[in-house]
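Novice:
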Amino acid sequence: EIGREYFSKYLGSSGSALALGLKEKVNTRKFGRAEFILRQQQNLKDVILKRGEYIFKEGEAADGLYIVEDGIIAVQAQGRTAYSLKPGDMFGLQSLMFDKIRRGSALCANDECQIKKMETSDFEALIQSSPQLKDSIRELCLRREFRRAVVLKRKKSFPQASELREAFNEIDLDGNGELDVNEIRSLLMSSARFLSEENIQQLIQSLDLDASGNISFDEFVSIFGRVQ
9 EIGREYFSKY LGSSGSALAL GLKEKVNTRK FGRAEFILRQ QQNLKDVILK RGEYIFKEGE
69 AADGLYIVED GIIAVQAQGR TAYSLKPGDM FGLQSLMFDK IRRGSALCAN DECQIKKMET
129 SDFEALIQSS PQLKDSIREL CLRREFRRAV VLKRKKSFPQ ASELREAFNE IDLDGNGELD
189 VNEIRSLLMS SARFLSEENI QQLIQSLDLD ASGNISFDEF VSIFGRVQ
């Protein structure tokens, strides 16, 4: 049996794809727990939509968050898909956490979609009662804002796995193979000026799986090479 101390030391010192993948699984579970807690809340309203119907549109005031029960929801930035969501996923979070304005649109991408809605007041009461839950949701929101910023910069839907290198290189302004603080800040400030410097630092910490101070392409793939 591998001791916990040795295992932690291995993860902390290794930048291998395996180590990065294991670290990202920890984040995935953390976000999953947050989504589970939200799904267990009372007073959720059922909403049914047909293909192409919008849940909300870019520029609207935020009035709640949503949880996918059945179907696929496409979240778009200026008409381009930033990410797709499956049953169990939550969305509409960023505007509740930050500036209360919808920065993207969400629509049903199946013949029929079933979702549940949590009112803003219920959401705010819940996260104020649990700082750990609030931190997990904020981290997930910041990652999604990063995805939105990539979509807006490239004027394309978020890249598939085969396109990740091209997307990474477009963000890597100095071409050194890593994304540093200034490159991340530059990307976000072009589309998410409402984010604070603290938010930017929190995002970098979330993406920097090996705690090197920069984001490598391997880290980029470990995080964004899958639907999130």
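The sequence shown lines up with residues 9 to 236 when you count with the working numbering.
The C-beta atom is built at its ideal place from N, Cα and C for all residues, glycine as well.
#1: Quick check: the segment 82-98 against the segment 129-139, are there 3 or more CB pairs under 8 Å?
#2: I'd like to check one pair, M126 with E72: are the Cβ atoms closer than 7 Å?
#3: According to the neighbour-count rule (16 or more other Cβ atoms, all chains shown, within 10 Å of its Cβ), is Y14 buried or exposed?
#4: Would you mind giving the Cβ-Cβ distance between R111 and Q102, rounded to the nearest angstrom? I have them listed as a contact below 8 Å.
#5: Can you tell me which of the three DSSP states Q168 falls into?
#6: Quick check on D119: buried or exposed, where buried means 16 or more other Cβ atoms within 10 Å of its Cβ?
#7: From the DSSP output, in three-state form, read off F15 for me.
#8: Just grab the DSSP bridge partners of V83 for me.
#9: L181 by DSSP, collapsed to three states: which one?
#10: Give the range of the beta strand (DSSP E) segment to which D54 is assigned.
#11: Kindly provide the ranges of any alpha helix (DSSP H) runs that are 4 or more residues long and lie completely inside the segment 115-161, ordered along the chain.
#12: Quick one, are the C-beta atoms of L217 and K33 less than 7 Å apart?
#13: Does the distance between the C-beta of V158 and the nearest non-hydrogen atom of the ligand GTP fall short of 6 Å?
#14: Could you check which residue in I109, I192 and K108 has the C-alpha nearest to that of I179?
#15: Excluding five sequence neighbours on each side, which residues of the same chain lie with their C-beta closer than 7 Å to the C-beta of R172?
Specialist: The relevant details are as follows:
#1: No contact exists between the segment 82-98 and the segment 129-139.
#2: In the sequence shown, residue 72 corresponds to position 64, counting from 1. In the sequence shown, residue 126 corresponds to position 118, counting from 1. Position check: residue 72 holds Gly in this sequence, whereas Glu was assumed. In contact: G72 and M126 (Cβ atoms closer than 7 Å).
#3: For the purposes of this step, residue 14 is identified with residue 6 of the sequence shown, where counting begins at 1. At Y14 the pLDDT is 48, less than 50, meaning the model places this residue with poor confidence and gives no usable figure here.
#4: Translated into the one-based positions of the sequence shown, residue 111 becomes position 103. Translated into the one-based positions of the sequence shown, residue 102 becomes position 94. Confirmed, about 6 Å.
#5: As a first step, residue 168 must be located in the sequence shown, where it is residue number 160. In the three-state reduction of the DSSP assignment, Q168 falls in the coil class, being assigned neither a helical nor a strand state.
#6: Within the sequence shown, numbered from 1, the residue matching residue 119 stands at position 111. So D119 ends up on the exposed side.
#7: For the purposes of this step, residue 15 is taken as the residue at position 7 of the sequence shown. Any reading at F15 must be qualified, since the residue scores a pLDDT of 46, below 50, and its modelled position is unreliable; no value is offered.
#8: Counting from 1 along the sequence shown, the entry for residue 83 is found at position 75. BP columns for V83 point to Y91 and A114.
#9: If you number the sequence shown from 1, residue 181 lands on position 173. Looking at L181 - three-state DSSP - the assignment turns out to be coil, as it is neither helix nor strand.
#10: Translated into positions along the sequence shown, residue 54 becomes position 46. D54 -> beta strand (DSSP E) spans K53 to K58.
#11: Counting only runs of 4 or more, we get 128-137.
#12: As a first step, residue 217 is located in the sequence shown; it is residue number 209 there, counting from the start. As a first step, residue 33 is located in the sequence shown; it is residue number 25 there, counting from the start. It is not a contact, given that the beta carbons lie outside the stated cut-off.
#13: By its list of ligands, the structure shown contains no ligand whatsoever, and the ligand GTP lies outside what it can speak to.
#14: Numbered from its first residue, the sequence shown carries residue 179 at position 171. Answer by Cα proximity: I192.
#15: What you label residue 172 is simply residue 164 of the sequence shown in a count that begins at 1. The residue you asked about is not Arg; residue 172 is Leu in the sequence shown. Excluding positions up to five away in sequence, the list reads F228, V229, F232 and G233.
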